[in-house]
Structures are given as structure tokens and as C-alpha cells.
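Chains as they are written, first to last, in my numbering: chain A, 9 to 477; chain B, 549 to 847.
Using N, Cα and C, we set each Cβ at its ideal position, and we do this for glycine too.
A short worksheet on the structure shown next.
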Amino acid sequence: MKDICEDIAWAKINKDVLKSLENPRKLYWVILFVAIAMVGVAVGSEIYQYMDGMGVSNKNNTHVWGLYIATFIFWIGMSHSGTLLSAILHLMHADWRKPIYRFAEAMTTFSLMTAGLFVAVHLGRVWQIYYALPYPNGRGIWPNFQSPLLWDAMAIFTYLSSSILFLYVGMIPDLAICRDNMNPGWRKKLYTAFSLGWEGTDRQWRNFRVTYLTIACFLIPLAVSVHSIVASDFAMSQQPGWHITSFPPYFVAGALYSGCAAIITLFIILRYVFRFEEYMTLPILKKIVRLTFAIAMVWTYLNLIEYASVWYGHDQASKDVLIQKAIGPYAPFWWTMNFCGTIVPLIMFFKRFQTHIPVLFAVSLLLNMGMWLERWMIVAPTFSHGYYPWTWDHDQWPSLVQWGIVFGSFGWFTLLFMVFCKVFPSVSMYEVKEMVYHRSQATKKLVASGKLATAGLNADNLNADRGAH
Amino acid sequence: MSVSNLLENWSDFRHTHPVDDVPHNPYKWAMSIDLDACSGCNACSVACYAENNLPVVGKEKYAHGHSMHWMRIERYWDEDISTEGGRDFPDQGAQFLPMMCQQCEAAPCETVCPVGATNHTPDGINSQIYNRCIGSRYCEANCPYKVRYFNWYDYPTTDNVWPAEMNQQLNPDVSVRGKGVMEKCTFCIQRVTVAKNNAKNEGRLVHDGDVQTACQQACPTSAISFGNLVDPKSKVHRQWQAQQVELNKDAQTKDKAENNEEGGGSKEEGGSLRGYRIFEELRPYPSVMYLERVRESAV
Chain A
9 MKDICEDIAW AKINKDVLKS LENPRKLYWV ILFVAIAMVG VAVGSEIYQY
59 MDGMGVSNKN NTHVWGLYIA TFIFWIGMSH SGTLLSAILH LMHADWRKPI
109 YRFAEAMTTF SLMTAGLFVA VHLGRVWQIY YALPYPNGRG IWPNFQSPLL
159 WDAMAIFTYL SSSILFLYVG MIPDLAICRD NMNPGWRKKL YTAFSLGWEG
209 TDRQWRNFRV TYLTIACFLI PLAVSVHSIV ASDFAMSQQP GWHITSFPPY
259 FVAGALYSGC AAIITLFIIL RYVFRFEEYM TLPILKKIVR LTFAIAMVWT
309 YLNLIEYASV WYGHDQASKD VLIQKAIGPY APFWWTMNFC GTIVPLIMFF
359 KRFQTHIPVL FAVSLLLNMG MWLERWMIVA PTFSHGYYPW TWDHDQWPSL
409 VQWGIVFGSF GWFTLLFMVF CKVFPSVSMY EVKEMVYHRS QATKKLVASG
459 KLATAGLNAD NLNADRGAH
Chain B
549 MSVSNLLENW SDFRHTHPVD DVPHNPYKWA MSIDLDACSG CNACSVACYA
599 ENNLPVVGKE KYAHGHSMHW MRIERYWDED ISTEGGRDFP DQGAQFLPMM
649 CQQCEAAPCE TVCPVGATNH TPDGINSQIY NRCIGSRYCE ANCPYKVRYF
699 NWYDYPTTDN VWPAEMNQQL NPDVSVRGKG VMEKCTFCIQ RVTVAKNNAK
749 NEGRLVHDGD VQTACQQACP TSAISFGNLV DPKSKVHRQW QAQQVELNKD
799 AQTKDKAENN EEGGGSKEEG GSLRGYRIFE ELRPYPSVMY LERVRESAV
């Protein structure tokens, strides 16, 4: 089965994708309004917390961090798969990524934006948040460059700005197509401004390719560094359960894992909502599922390494934290986390489920639930059972305010993402055309050399529409 | 102000290891607490509330773990009360441990603060700059003793903290903290500063006894001593020396002696020593030495 139908006319690609900007299924509006309602919950919770103080989130002097930090890591992690698909697979010439990388890249950008909000939500004095940035000032006061939190701020800032740039640059030729096909109105003005006068000349294409490749190369180390640094928040501290050398690779694997699972979820939703069945095809889904399965196994390995190194490390405090995770008050969550992270992905091993949409939808949500729990299980148990026995506190639970903000963050992400998909083409038109062209050329060659029997090939149809490019 | 300025003055900005590269001359404030003398009366804690404008958060917030006791009295029982033979209060009295910020020389809280709101002073106190704190709470997360306290609410304006007229008793030498900042024991830095200034005006160093912390002053059994560790005449210095506890070591003679005993070695060296510091093996180099309890009966 082929990744994509090789005789799609180029004009049809334009038409199908442009249609997604105007004419989604009704489900789109349902999702959008649910997302807005969720954001409402979060905004309400945040206002309450801002006015009254952090105490309403039911953290205390033992549990100083809670769901905000856990969910922050979750959203940072979510952002990694976009870069994986758009940059790493681009360099590896895996062309099956082409119909799906645009929304993955958008996912990167918006999940980073969501993660950034959690930094603000978490702070006791959010109105002084700019203290954490190294801005020039007359008093000679700088942030503390030894602090992993500061590295965090810088890494996220860099990654976010690079991701936005990457997303935008990759979209320019498509924006020009939108511009050329729109009736006059605000959309036309928007696309005209954003397409930067793109005409598709040879020189423009050459510069475009070089720029795109450069940013892709720049983005890959950034993606690895940003989650390594988030891991350093824990690994560089001195607390039992956090002070583990393997955390950076473990976090990066976890990030790719939850990101890939999220791509499966969004793939299934977008495919239905925007009628992208011809572009987001099942063979492509199968490839993502296999990739996710591989990453899931890497994560499982690193997860077991973490337990093993703690268990055999002879640090009694760390060991106690691990035991507490398994049998203490967090045990249900910890076991669910391990089940969702390690056992559930095994379903993806079976061929018949690799393209089974309802099963994959459920699995991808379960995987992400597991990955969210993983982050929580890294943050919370260390507080409840740290070094100092007098401060052990096993009965502390996040309040509804915390849950409300975490819940609303999913709405916020969905809102941004859905608006993006309605305003900008979420399937890369020019790259799908390239993919169709290259694939059909390859097939033609095979046929010419007699290695493949002709089967309904219609290459003329392709060439006739090249002008639309 | 430029980045080059920052890079050139890096050594002024941060010290690599406070124990090694700051000689602490002429002052290094330190404490020793005799657990044998401590009767767990909580006078120190009350004195600290009065001296440092600590908000009294009330029953409900206390139950949520929002209490602000910079100096707290911890209670421990010898045996696990859940097992047979273990006795609970009141059959068995508790052992007490007064716990406050240990003013670590290599403080885990200092390096992790993203804005540099907590720093080491040249006289060895781990200072907290309330105006600079943005409330990331990383310091508390990384504190092995969990002795930092966060302002979870805006206590100065919360009605049950200092009811009308009660705000008249606030100490004018200590700032009242608003919501969202971290705070902790300062070794009564306001008193230390006054003593240092007075001594400077008279052209001398601070004598032992010139400055007392609030907890020390209130302690009925004089379990707490506070003073300048560099000054050979100070009580703290003499106590640390007698117990062979050294600031820049991560294991003291007493620990080595105990290890010897366990390993079948002799008890000759350091067998009668009582001085120890909590979590020395984590190498925060705390400035508070505790003297082990020797009396048989609990209070």
C-alpha cells in the first residue's frame, strides 16, 4: 500500500487544503467551544490564585512544587516530536513526513507556549517574572547563571523563537498559494503580508531551501538541549529521587514519546475534521505508530535503568522514595504510569492495530496520560518523602485550583492549535506535491525498467497542473 | 552595564565554594545547640515569632502546612510507636530537636535560585533578599532540611494574622513580607548588624555576648549558643573546638569514632564527643552544631 496516491492532481491538492481553511466538519466548532470553556476554567482558577495567593493551590512548605511543574514538563516534552518530524526526518530524507509535519511543528510551537504559561502560573510573584531574564540594567543585577531554572528560561525562549521561525519559514510557499487563491478580504491581506512577496522564482526557491535546512540543523540540538535542561532542574538538585545522572536522556526519550503519541491523536482528529483522508493516509499513520513503538521501548529501557540505578545505588533516601512510589499513597498513579508507559504501547506491536483508528486513538491518549503521570511521579513523591523525616507529608493533594489550571491548559493548547489549523494550511501543499511527484517519477522508472507492472498510472495528469505550484 | 562586565566580575558575583574561597574574616556566625539542655518548651519559637514578624497563620492554615515557624521544635520518639514495646505520649516523653536554617556554607538553596535572591554574606550567613525573590520555590525544593517558608498568602493584609492593634507589636527593624516570597531564619541579622555597627563605631570587633539571637535570649536552659566562630574567645568557638567539629569537613571525629566502633575498632578516640551536624554527608557544611543528648530519660 502506498503512502500517498501518486496521481493526485496538483490543483486538487491546493483545493483540498484550501478548503480546510473555510469548510471544516461541525466537529471542529464543537472542539473549539469545548476548548474555550476549558480555558475559562483555567483563567478563573488563575485569577483566584493570583488574588488570594499560592496557598489556594494547596501546596505547602513541604510540597513547594506541584502539578504546575509536572504539567510544565509535560508540555515541554510534547513539543519535541514536532522537531523530530520536521527537522530530524527532513535531514534523513524521510519523505512520508511531508503531509503531517506542518501540524506537528505547530504542535511544537503551541505546546511550548502552553508550557511557558506554567512558569508564570507557578511563580509566587509573577509580576516580577522578568527578574529571571538577563536584561541590561543600571544596577548591575543579573540573574543567577548557576541556576538550572535560568537555563530553562533561556533554553525555552530560544527554542520557542526558533520553532516559530521554522514553522513560519516552512510555510511561506504555501502562504503564497493561499494569497493567490483567496477572494479579497482580511485573509487575503493576511496572506499577502505573511508570504513576503513570494513568487516562486528559482532564486527564491534556492534561498528558501538553504534557510530551511539551516534552521532545521539549528533546531535539532536545541530540542535535545531544552529537555536535558528541564531534566537538570531535577538532576542538578540534591534531592532523593531527583539526583539521577540518567535524567537528561530519560527526559528526552519521554518527551519524544509523549510527543509522538500526541501526533497520533491529532493526526486522527485532523484527518477527520478537515477531511484529509487522502493526505494523512493510513500507511503514514502506520509509520508514526512504528516510530512511537520504538521510542516507547527506549523510554521503557531508560525508565528501568532509573529504577535499577536507584535500587543498586545504596543511597537509602533515594531507595525509600522509590519504595514509597511503589507502595505509598502515590502507588496507584505510579503503577498506572508504568502500565500506560510500558504495557499499553505493546498493542502497537501488532500489525492489525497499527492502522486501527479507534484503538490507536485510545492508545495514544493512554500513552499521554501515562507520560503526564510520569512527570507528576517525578515531582511529587520526592517532596512527600524527602531527606528530612520530620517534614514527611504523605497526605497532601493538589487542590481544585491546580487541577483546574492543568485541565484548562489542554483547552488552551487545543484552542491555539485549532485556530491555527483554520487560519493556516495545516498540510504542506508544496511538499505534498513534491512527494507525489518524486514518488510517481520513481514508480515510472520502475515501470520503465520492467520491475513493476503498470497499474493505473497517470503521470500526465500530474504535469498538467504544475503551473499551480 | 554589559555582558563583559558580568564576565569580568564573575568571581565577585559568585563564589565557587564558600568554605574554601571566603576566609570569613573577621566574622563567621555559627551556633551550637545542646540537646541535653533542651526541654522542648518552644520559647525559642515564640521569641522568633515576636522578633522576626512571623505571621501566626491560624489553625486551619497550620493544618495545611502553611505555618511560618522559622524556628521549630521537632519531636521524636525513641522507638517506633507502631511496634510492640514502643510507647507513645504520655507514657513516653519525646526527644526534642530545635530546627532552623542551618546557614550552610555550601548552601543547596543558593545555587539554584534563578534570580540570585539568596546569597552568602561575607560573615557566613545565608541571606534572603525579599525584594528580589520571584517565588519559584526552587530553594525550598532543594533544601535538605526544609527550613524555608513561603508566603502562601498575603499575610500582612489577611485579617486573622495580626488583628487590629496587634500590628503595633511588629518589630520595626524587620520588614513584613508580602505574598509570594520565600523567607527563613536569618540568625537575627538585624541584631547582628546593630552589634557590628556599634563595634565598628568603637573601633573594635564584636565581643562574644554583644549579640544574642532571639531564640538564644529566650531559651530558659541556655541550650542555644550563638557567636563568632572565628573568635577564639567565643563560647561557640570553644564548643566547636571541644567537640572537634570543623566547619569545612563532611565527617567529624565523632562519626569516625562511631564507625570505628561498628567496625570493631576501639572507642579511645572521640568516644565521649557529642558534637554533630545534620546531613553532613550531603556536604552543605551547616553552621549549626548539635550536641547529642546524653541523659537517659526523655523529658
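#1: Please classify A/Ser-87 as buried or exposed, where buried requires at least 16 other C-beta atoms within 10 Å of its C-beta.
#2: Do B/Gly-606 and A/Asp-401 have their C-beta atoms within less than 9 Å of each other?
#3: Shortest alpha-carbon distance to A/Glu-30 belongs to which of A/Leu-330, A/Phe-282, A/Tyr-396 and A/Ala-456?
#4: Please check if any C-beta of chain B sits within less than 9 Å of the C-beta of A/Phe-391.
#5: Could you please tell me which residues of the segment 697–726 of chain B, in chain order, have their CB closer than 8 Å to any CB of chain A?
#6: Please name the residues in the segment 230–247 of chain A whose beta-carbon is closer than 7 Å to at least one beta-carbon of chain B, in chain order.
#7: In angstroms, rounded to a whole number, what distance separates the CA positions of A/Gln-410 and A/Ser-65?
#8: Does the beta carbon of B/Leu-645 come closer than 9 Å to any beta carbon on chain A?
#9: Assign A/Gly-378 to one of three DSSP states: helix, strand, or coil.
#10: Apart from the five residues on each side of it in sequence, which residues of its chain come closer than 7 Å, Cβ to Cβ, to A/Asn-152?
#11: From this set, A/Thr-289, A/Leu-173 and A/Cys-268, which residue's C-alpha is nearest A/Asp-11's C-alpha?
#12: Three-state secondary structure (DSSP) at A/Asn-145?
#13: Does any residue of chain A bring its CB to less than 9 Å from the CB of B/Leu-830?
#14: Measuring only the C-alpha atoms, how far is B/Ile-848 from B/Asn-690?
#15: Can you give me the C-alpha to C-alpha distance between A/Val-371 and A/Leu-278, rounded to a whole angstrom?
#16: Quick check: what's the CA-CA separation for B/Ile-737 versus A/His-322?
#17: Applying the 10 Å Cβ sphere with the 16-neighbour rule, what's the burial state of A/Trp-73?
#18: So, at 8 Å on beta carbons, what are the nonlocal neighbours of A/Tyr-438 in its own chain, with the 5 sequence-adjacent residues on each side left out?
#19: Pull up the DSSP beta-bridge partners for B/Trp-577, would you.
#20: Residue range of the alpha helix (DSSP H) that A/Asn-22 falls in?
#21: Given a cut-off of 9 Å, decide if A/Thr-79 and A/Ser-417 are closer than it, judged by their beta-carbon atoms.
#22: Report, in whole angstroms, the separation of the C-beta atoms of B/Glu-840 and B/Leu-583, which I expect to be a contact under 8 Å.
#23: From A/Leu-99 to A/Ser-245, what does the alpha carbon distance come to, in whole angstroms?
#24: Just the C-alpha distance for A/Cys-13 and A/Ala-19, rounded to the nearest angstrom, thanks.
#25: Going along the chain, which residues of the segment 679–695 of chain B sit with their C-beta nearer than 8 Å to a C-beta in chain A?
#26: What do you reckon, are the CB atoms on B/Tyr-686 and A/Ser-155 nearer than 9 Å?
#27: Given A/Thr-200, which residues of its chain have a CB within under 6 Å of its CB, disregarding the five upstream and five downstream residues?
#28: Say whether chain A places a C-beta atom closer than 9 Å to the C-beta of B/Pro-780.
#29: Among the candidates A/Ile-276, A/Val-134 and A/Ile-331, whose CA atom is the shortest distance from the CA of A/Pro-389?
#30: Under 6 Å Cβ to Cβ from A/Arg-298, same chain only, skipping five residues before and after it: list those, please.
#31: Taking 8 Å as the cut-off, is the C-beta of A/Ser-326 nearer than that to any heavy atom in the ligand GTP?
#32: How would you label A/Trp-420, buried or exposed, when you count the other beta carbons within 10 angstroms and need 16 or more for buried?
#33: Please check the pair A/Tyr-258 and A/Ala-325, which I expect to be a contact at CB under 8 Å, by giving their CB distance rounded to whole angstroms.
#34: Could you check the C-alpha separation between A/Arg-133 and B/Lys-727 for me, to the nearest Å?
#35: Beta-carbon of A/Ser-326 versus every beta-carbon of chain B: anything under 9 Å?
#36: With respect to the alpha helix (DSSP H) encompassing A/Ser-326, which residues constitute its N-terminal and C-terminal limits?
According to the structure shown:
#1: The residue in question, A/Ser-87, is buried, as its Cβ has 16 or more Cβ neighbours within 10 Å.
#2: Cβ atoms of B/Gly-606 and A/Asp-401: not closer than 9 Å.
#3: Comparing Cα-Cα distances from A/Glu-30 to each of A/Leu-330, A/Phe-282, A/Tyr-396 and A/Ala-456, the minimum goes to A/Phe-282.
#4: Chain B contact via Cβ: present.
#5: Along the segment 697–726 of chain B, the positions whose C-beta sits under 8 Å from a C-beta of chain A are Tyr-697, Phe-698, Asn-699, Trp-700, Tyr-701 and Asp-702, read in chain order.
#6: For the segment 230–247 of chain A, the residues whose beta carbon sits under 7 Å from a beta carbon of chain B are, in order, Ser-245, Gln-246 and Gln-247.
#7: So the two alpha carbons sit approximately 5 Å from each other.
#8: True, the Cβ-Cβ gap to chain A drops below 9 Å.
#9: Here A/Gly-378 sits in helix by DSSP.
#10: Counting only Cβ-Cβ distances below 7 Å, and skipping sequence neighbours, we find Leu-158.
#11: Comparing Cα positions, the closest option is A/Thr-289.
#12: In the structure shown, A/Asn-145 sits in coil (DSSP, three-state: anything other than H, G, I, E or B).
#13: Taking Cβ atoms only, chain A reaches closer than 9 Å to B/Leu-830, which makes this a yes.
#14: Nothing can be reported for residue 848 of chain B: it is not among the residues displayed for chain B, which extend from 549 to 847.
#15: Going from the Cα of A/Val-371 to the Cα of A/Leu-278 covers about 17 Å.
#16: Roughly 40 Å between the two C-alpha positions.
#17: In the assembly as shown, A/Trp-73 is a buried residue. Its beta-carbon has 16 or more other beta-carbons within 10 Å.
#18: Excluding sequence neighbours, A/Tyr-438 sits near Pro-181, Asp-182, Ile-185 and His-477.
#19: Answer by DSSP bridge pairing, in chain order: B/Asn-776.
#20: Element bounds for A/Asn-22: 18–28.
#21: Cβ distance < 9 Å, so A/Ser-417 and A/Thr-79 count as in contact.
#22: Contact flag correct, Cβ pair sits at about 6 Å.
#23: Looking at the two C-alpha atoms, the distance is approximately 36 Å.
#24: Answer to the nearest angstrom: the Cα atoms are 14 Å apart.
#25: Those residues of the segment 679–695 of chain B placed with their C-beta closer than 8 Å to a C-beta in chain A are Arg-680, Cys-681, Ile-682, Gly-683, Ser-684, Arg-685, Tyr-686, Glu-688, Ala-689, Asn-690, Pro-692, Tyr-693 and Lys-694, ordered along the chain.
#26: Cβ atoms of B/Tyr-686 and A/Ser-155: closer than 9 Å.
#27: Counting only residues of its own chain and dropping the five nearest sequence neighbours on each side, A/Thr-200 has a CB closer than 6 Å to the CB of Arg-187.
#28: No, because no Cβ of chain A sits closer than 9 Å to the Cβ of B/Pro-780.
#29: Minimum Cα distance to A/Pro-389 is reached at A/Ile-331.
#30: Excluding sequence neighbours, A/Arg-298 sits near nothing in its chain.
#31: Here there are no bound small molecules, and the ligand GTP is not part of this structure.
#32: Buried, by the Cβ-count rule.
#33: With 8 Å as the limit, A/Tyr-258 and A/Ala-325 do not qualify as a contact, their Cβ atoms being about 20 Å apart.
#34: CA-CA distance, A/Arg-133 to B/Lys-727, rounds to 8 Å.
#35: No, its Cβ sits nowhere closer than 9 Å to a Cβ of chain B.
#36: It spans 324–335 - the alpha helix (DSSP H) in which A/Ser-326 sits, taken as one unbroken run.
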